[in-house]
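Just below is one structure, and these are the notes that go with it.
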Amino acid sequence: MVVVDNFYTGRMENLNPQARFYLLDVRSAEMSKVFEIERPDIINHHAAQMSVPASVEDPAFDADVNIMGLINLLQNSVRYKARKFIFISSGGAIYGEKENIPISETDQPLPLSPYAITKLTSENYLGFYKHQHNLDYTVLRYANVYGPRQVPHAEAGVVSIFMNKLRNGELPMIYHYPDEPDGMTRDYCYVGDIVRANMLALKKGSGDAVNIGTSKETTTGELYRTILEIMRRHGYASDAMFDTPQKGAARSGDLRRSALKIERAKAILGWQPEYDLNRGLEETILNELI
Numbered sequence: 005m006v007v008v009d010n011f012y013t014g015r016m017e018n019l020n021p022q023a024r025f026y027l028l029d030v031r032s033a034e035m036s037k038v039f040e041i042e043r044p045d046i047i048n049h050h051a052a053q054m055s056v057p058a059s060v061e062d063p064a065f066d067a068d069v070n071i072m073g074l075i076n077l078l079q080n081s082v083r084y085k086a087r088k089f090i091f092i093s094s095g096g097a098i099y100g101e102k103e104n105i106p107i108s109e110t111d112q113p114l115p116l117s118p119y120a121i122t123k124l125t126s127e128n129y130l131g132f133y134k135h136q137h138n139l140d141y142t143v144l145r146y147a148n149v150y151g152p153r154q155v156p157h158a159e160a161g162v163v164s165i166f167m168n169k170l171r172n173g174e175l176p177m178i179y180h181y182p183d184e185p186d187g188m189t190r191d192y193c194y195v196g197d198i199v200r201a202n203m204l205a206l207k208k209g210s211g212d213a214v215n216i217g218t219s220k221e222t223t224t225g226e227l228y229r230t231i232l233e234i235m236r237r238h239g240y241a242s243d244a245m246f247d248t249p250q251k252g253a254a255r256s257g258d259l260r261r262s263a264l265k266i267e268r269a270k271a272i273l274g275w276q277p278e279y280d281l282n283r284g285l286e287e288t289i290l291n292e293l294i
């Protein structure tokens with residue numbers, strides 16, 4: 005196994021010591037040397053600028069990382085004859101606002117942020133490279149992923165953010181629209197289930213885009229209260245002030261609702277989640293704090 009990371013958000017201590025590692029940005033011309041040396045059979049591409057608000061603030065940087073980085077990997081995959089490319093897309097952002105929840109892969113994409121646009125554009129590039137160069141691929145459209153060792157930055161890390169705030173005696177913030185005081189809804193999927201989906205995609209899902217989630221909506225407020233309850237059982241955040249988190253206005257690009265249908269994942273990958281939210285949060289908190 006070969007790992008390439010620039011550690012913009014990652015941490016060295018999370019790496020498997022048996023993996024060969026290159027400290028490198030996916031946009032770098034030096035990527036060709038990695039491909040030449042390692043001759044990878046399968047590429048699993050998780051590297052991305054993943055913050056929706058940051059993409060709104062700086063669309064050019066977002067596109068540079070998410071699109072040009074992808075193209076660099078695809079070009080090298082073709083040149084060095086990789087067999088398959090697994091790409092991580094967004095199961096929330098690319099669909100936009102939908103009335104019918106959970107959302108299916110057959111629903112029309114409606115990206116409402118530069119981040120979402122780059123993810124959908126990337127999927128189209130994968131289709132082109134399969135048609136033009138016969139490079140097989142599978143797209144995994146993640147719901148909101150959480151679990152042990154998550155970096156507590158940006159909106160994608162809300163579980164880690166809440167957990168660390170409570171551990172440090174700080175009051176977390178719930179962002180919301182005026183008519184939805186308990187916050188937006190999201191589909192939260194435990195990282196252990198995400199790993200299984202990636203392992204299955206090594207041999208399945210040729211040319212497919214597949215939602216990976218739980219199909220269940222959870223408001224940010226519900227998520228917070230569940231985390232608070234679990235942490236209190238383990239001696240954290242006992243003060244009554246934590247019963248009422250801070251409230252803030254929804255940020256640019258924030259979707260109101262999101263949850264994903266997973267029938268295609270069941271049919272194509274043979275995958276479905278094993279962790280419900282309570283079990284996944286308990287596992288995360290025990291791993292991180294206890």
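Each residue of the sequence shown is one higher than the one before, starting from 5 at the first, in my numbering. We treat Cβ as the ideally placed atom computed from N, Cα and C, and that holds for glycine. All figures in this text were calculated on a predicted structure; none of them were measured in a lab.
Hey, how far is the Cα of R283 from the Cα of P118?
-> As a position in the sequence shown, residue 283 is number 279, starting the count at 1. As a position in the sequence shown, residue 118 is number 114, starting the count at 1. Looking at the two C-alpha atoms, the distance is approximately 34 Å.
Alpha carbon to alpha carbon, how far is R15 from E34? Give it in angstroms, no decimals.
-> For the purposes of this step, residue 34 is taken as the residue at position 30 of the sequence shown. For the purposes of this step, residue 15 is taken as the residue at position 11 of the sequence shown. The straight-line gap from Cα to Cα measures roughly 21 Å.
How would you label E17, buried or exposed, when you count the other beta carbons within 10 angstroms and need 16 or more for buried?
-> Here residue 17 is taken as the residue at index 13 of the sequence shown, counted from 1. That one is exposed.
In whole angstroms, what separates the C-alpha of G209 from that of V199?
-> Taking the sequence shown and counting its residues from 1, the one referred to as residue 209 is at position 205. Taking the sequence shown and counting its residues from 1, the one referred to as residue 199 is at position 195. The straight-line gap from Cα to Cα measures roughly 15 Å.
Check each candidate in S59, V69 and A64 and name the one with the smallest Cα separation from D9.
-> For this step, residue 9 is matched to residue 5 along the sequence shown. The candidate whose alpha carbon is nearest that of D9 is V69.
Where do the ends of the beta strand (DSSP E) carrying L144 lie?
-> For the purposes of this step, residue 144 is taken as the residue at position 140 of the sequence shown. L144 -> beta strand (DSSP E) spans D140 to Y146.
Other residues of its chain near P242: CB distance less than 7 Å, five sequence neighbours each side excluded | To locate residue 242, count along the sequence shown from 1; it is residue 238. This sequence places Ser at residue 242; Pro is not what is there. For S242, where only same-chain residues beyond five positions count, the Cβ hits under 7 Å are R236.
Per the contact definition of three or more C-beta pairs closer than 8 Å, is the stretch 189–204 in contact with the stretch 131–138?
-> no
When the distance is taken between beta carbons, is H50 closer than 9 Å to I98?
-> On the sequence shown, residue 98 is found 94 positions in, with the first residue counted as 1. On the sequence shown, residue 50 is found 46 positions in, with the first residue counted as 1. Not in contact: I98 and H50 (Cβ atoms no closer than 9 Å).
Using a threshold of 9 Å, state whether the C-beta atoms of T125 and Q53 are closer than that.
-> One-based indexing of the sequence shown puts residue 125 at position 121. One-based indexing of the sequence shown puts residue 53 at position 49. In this structure, Q53 does not lie closer than 9 Å to T125 by Cβ.
Assumed close pair S191, N148 - CB separation to whole angstroms, cut-off 8 Å = For the purposes of this step, residue 191 is identified with residue 187 of the sequence shown, where counting begins at 1. For the purposes of this step, residue 148 is identified with residue 144 of the sequence shown, where counting begins at 1. The question names Ser, yet the displayed sequence has Asp at residue 191. The pair is a contact, with the Cβ atoms about 6 Å apart (cut-off 8 Å).
Determine the closest residue to T222 out of E40, V195, I105 and G173, with distance taken between C-alpha atoms.
-> Numbered from its first residue, the sequence shown carries residue 222 at position 218. Measuring from the Cα of T222, the nearest candidate turns out to be I105.
Would a C-beta distance cut-off of 9 Å place T288 and M167 closer than the cut-off?
-> In the sequence shown, residue 288 corresponds to position 284, counting from 1. In the sequence shown, residue 167 corresponds to position 163, counting from 1. In this structure, M167 lies closer than 9 Å to T288 by Cβ.
Alpha carbon to alpha carbon, how far is A263 from D247? Give it in angstroms, no decimals.
-> Against the sequence shown, residue 247 aligns to sequence position 243. Against the sequence shown, residue 263 aligns to sequence position 259. When rounded, the distance between both Cα atoms is 26 Å.
Out of L290, G211, K270 and G173, point me to the one whose CA is closest to A244's CA.
-> Numbered from 1 along the sequence shown, position 240 holds the residue referred to as residue 244. The residue with the shortest Cα to Cα distance from A244 is G173.
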